[in-house]
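>
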Amino acid sequence: MLDPSLPETFDGPSAWEGTWMRANPQAWLVTLTTGQITELEGAARHYLSLGRDIGEITAEDFPVPEFAAHLSGLREKLIAGIGVEVLRGLPVETYSQEMAAAIFCGIGAHLGKARSQNAQGHILGHVRDLGADPKDVATRIYQTSARQTFHTDSADVVGLLCLQDAKEGGDSLLVSAETICNRMRRTRPDLLQLLFDPIATDRRGEVPEGMKPWMEIPPLNWFAGKLTVFYQRQYIDSAQRFEDAMRLTDAHVEALDMFDALADDPDLHVQMRLRPGDMQFVYNHAQLHDRTGFIDWPEREKRRHLMRLWLSVPGDRPLPPCFAERYGSIEIGDRGGIITKGTRLCAPLD
């Protein structure tokens, strides 16, 4: 039985549908002004003059007195509004890798605290095709050119800066978990209920000390008056390779299949192509993201390349205790990321 306190219908700003998002790009797409770009570049030059690692950047080190008000509003839009914004117009083609990283990480520092994205401790990630096999259970899908499928990451907010886009494909897709819940509640509440059950999700070899190689976090959690999503279907399926992991029942597979089908519905999700210079920030607890498969350029210098941030945001919602399996600490403003034995934080520029 569904929790009786779960709303019959989610109708807040984060319960958007793709048709509305496509019709209202002004709600999520912001073009930077010349003055804002100049301020961001000045702050980056200031930080780089200090001779410190990009990974150590703080909001105080990256002074943007005019743009700071927008970033404060962006943080609220992410955690209490529609949950996504794209900042457009940064002339990354004129920047060094270091300059682009300083601006991106500086903006991130105004939104929250950067978290490790892998066992190597990278707080600045690089999303590109490394030729890895997407069928290999040790592969992180973002290191391939394959479609990712809708999923969440292990942080409050996920940020991307596009440096180069693909020759074909590689588009970003987003969908609201509340909207999917609304549809399932109306048509198959019996299957929706099953998504609140713990389900095994593969850690893909990035196992914190003392933990199992899989997690047992429900795809949907109703906690402190918020619907929070945690989902990666490919990793749910691959967790079945572990003999001791809880088995998926036929009913659970049907529920997961319906969830995927609704996420794939073009009426529900929004698809956008990030251009070089675009920065996309997505609230990870209320929506899922995906990327279409792509064909890259043959020239190495033109190949698709995005920088990525995982951020822990102050003032965010509390998370269910079960999230400690993935996040370690679930303390607001200091949670998320992937930490294993020997992990050391760093911000590689390439």
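Residue 6 in my numbering sits at position 3 of the sequence shown, and the numbers go up by one each step. Cβ coordinates follow ideal geometry from the N, Cα and C atoms, glycine included.
Taking 6 Å as the limit between beta carbons, can you name the residues of its chain near L163, skipping five residues before and five after?
Taking the sequence shown and counting its residues from 1, one reaches residue 163 at position 160. Correct list, in chain order: Q283, L309, R311.
> Just to confirm the assignment: which complete beta strand (DSSP E) runs, minimum length 3, are found wholly within the stretch 36 to 109?
Correct list: 87 to 91.
> Nearest to Q29 by alpha carbon, out of G15, L5, V89?
On the sequence shown, residue 29 is found 26 positions in, with the first residue counted as 1. That would be V89, whose Cα lies nearest to the Cα of Q29.
> Beta-carbon separation of Q146 and W313 under 7 Å?
As a working mapping, residue 146 is identified with position 143 in the sequence shown. As a working mapping, residue 313 is identified with position 310 in the sequence shown. For Q146 and W313, no; Cβs fall outside 7 Å.
> Can you have a look at A112 and say buried or exposed, based on whether 16 or more other CB atoms are within 10 angstroms of its CB?
Counting from one through the sequence shown, the residue named residue 112 turns up at place 109. Buried, by the Cβ-count rule.
> Could you check whether the stretch 235 to 249 touches the stretch 151 to 166, counting it as contact only if at least three pairs of C-beta atoms, one from each stretch, sit closer than 8 Å?
The stretch 235 to 249, when compared against the stretch 151 to 166, does touch it at the 8 Å Cβ threshold.
> Quick one: grab the DSSP three-state call for W300.
Taking the first residue of the sequence shown as 1, we reach residue 300 at position 297. DSSP places W300 in coil when its eight states are reduced to three.
> So what does DSSP say about H113, is it helix, strand or coil?
Position 110 of the sequence shown, counted from the start, is the residue given in the question as residue 113. Reduced to three states, the DSSP call for H113 is helix.
> For Y286, does the three-state DSSP call read helix, strand or coil?
Numbered from its first residue, the sequence shown carries residue 286 at position 283. Strand, per DSSP.
> Can you tell which of L9, R250, T231, I342 has its C-alpha closest to the C-alpha of L213?
Indexing the sequence shown from 1 puts residue 213 at position 210. It is worth fixing the name first, because residue 213 is Gly in this sequence and not Leu. When only C-alpha atoms are compared, the closest one is I342.
> If you run the structure through DSSP and keep just helix, strand and coil, what is M275?
Along the sequence shown, one-based indexing puts residue 275 at 272. The answer is strand: DSSP assigns M275 an E or B state.
> List the DSSP bridge partners of C349.
Within the sequence shown, numbered from 1, the residue matching residue 349 stands at position 346. Looking at the DSSP assignment, C349 forms a beta bridge with H125.
> Tell me whether the beta-carbon of D299 lies closer than 7 Å to the beta-carbon of D132.
The residue labelled residue 299 in the question sits at position 296 within the sequence shown. The residue labelled residue 132 in the question sits at position 129 within the sequence shown. Yes, Cβ-Cβ distance for D299 and D132 is below 7 Å.
> Where do the N-terminal and C-terminal ends of the alpha helix (DSSP H) with H255 fall, by residue?
Locating residue 255 in the sequence shown gives position 252, counting from the first residue. H255 -> alpha helix (DSSP H) spans 253 to 266.
> Mind checking who Q243 pairs with in its DSSP beta bridge?
On the sequence shown, residue 243 is found 240 positions in, with the first residue counted as 1. According to DSSP, which records beta bridges pairwise, Q243 is partnered with nothing at all.
> Near C325, what residues of its chain come up, given a Cβ to Cβ distance below 6 Å and the 5 sequence neighbours on each side ignored?
Numbered from 1 along the sequence shown, position 322 holds the residue referred to as residue 325. The residues are I220.
> DSSP puts M218 in a beta bridge; with which residues?
Your numbering for residue 218 matches position 215 in the sequence shown. DSSP, once it has assigned bridges, lists T204 as partnering M218.
> Suppose you measure from the CA of G21 to the CA of S179; what does that come to, to the nearest Å?
Looking up residue 21 in the sequence shown gives position 18. Looking up residue 179 in the sequence shown gives position 176. Cα to Cα, G21 sits roughly 9 Å from S179.
> Quick one: grab the DSSP three-state call for K305.
As a first step, residue 305 must be located in the sequence shown, where it is residue number 302. Helix, per DSSP.
> By a C-beta neighbour count over all protein chains shown, 10 Å radius and 16 as the cutoff for buried, is M4 buried or exposed?
Here residue 4 refers to the residue found at position 1 of the sequence shown. Answer is exposed; the Cβ neighbour count stays below 16.
> Can you tell me the Cβ-Cβ gap for H272 and L198, rounded? I've got them flagged as a contact below 8 Å.
Counting from one through the sequence shown, the residue named residue 272 turns up at place 269. Counting from one through the sequence shown, the residue named residue 198 turns up at place 195. That pair is no contact at about 18 Å.
> From Q274, P301, H292, W217, pick the residue whose C-alpha is nearest to that of V160; which is it?
Within the sequence shown, residue 160 is the residue found at index 157, counting from 1. Comparing Cα positions, the closest option is H292.
> Do the stretch 71 to 89 and the stretch 10 to 20 touch if we need at least three Cβ pairs shorter than 8 Å?
The stretch 71 to 89 is in contact with the stretch 10 to 20.
> Count the other C-beta atoms from every protein chain shown that fall within 10 angstroms of the C-beta of V256, then say buried if there are 16 or more, exposed otherwise.
Locating residue 256 in the sequence shown gives position 253, counting from the first residue. So V256 counts as exposed.
> So W225 is in the beta strand (DSSP E); what residue range does that whole segment cover?
Position 222 of the sequence shown, counted from the start, is the residue given in the question as residue 225. Counting along the chain, the beta strand (DSSP E) containing W225 begins and ends at 223 to 226.
> Would you list the residues sitting across from T34 in a DSSP beta bridge?
For the purposes of this step, residue 34 is taken as the residue at position 31 of the sequence shown. Paired residue(s): R91.
> What number of angstroms, rounded off, separates the C-alpha of H129 from the C-alpha of T97?
To locate residue 129, count along the sequence shown from 1; it is residue 126. To locate residue 97, count along the sequence shown from 1; it is residue 94. Distance between the alpha carbons of H129 and T97 is about 19 Å.
> By a C-beta neighbour count over all protein chains shown, 10 Å radius and 16 as the cutoff for buried, is S241 buried or exposed?
Numbered from its first residue, the sequence shown carries residue 241 at position 238. By the 10 Å Cβ count, S241 comes out buried.
> Could you say if the stretch 46 to 54 and the stretch 318 to 332 meet the contact criterion of at least three C-beta pairs nearer than 8 Å?
Not touching, per the Cβ criterion.
> Reducing DSSP to helix, strand and coil, say where T12 ends up.
As a first step, residue 12 must be located in the sequence shown, where it is residue number 9. Residue state, collapsed to three classes: coil.
> Report yes if the C-beta distance between E181 and L230 is below 7 Å; otherwise report no.
Walking along the sequence shown from the start, residue 181 turns up at place 178. Walking along the sequence shown from the start, residue 230 turns up at place 227. Against a cut-off of 7 Å, the Cβ pair of L230 and E181 comes out as a contact.
> Taking the C-alpha atoms as reference points, what is the distance between V316 and S332?
As a first step, residue 316 must be located in the sequence shown, where it is residue number 313. As a first step, residue 332 must be located in the sequence shown, where it is residue number 329. Rounded to the nearest angstrom, the two C-alpha atoms are 13 Å apart.
> Go ahead and label R48 buried or exposed: buried means 16 or more other beta carbons lie within 10 angstroms of its beta carbon, across all protein chains shown.
For the purposes of this step, residue 48 is identified with residue 45 of the sequence shown, where counting begins at 1. Counting Cβ neighbours within 10 Å, R48 comes out exposed, since fewer than 16 surround it.
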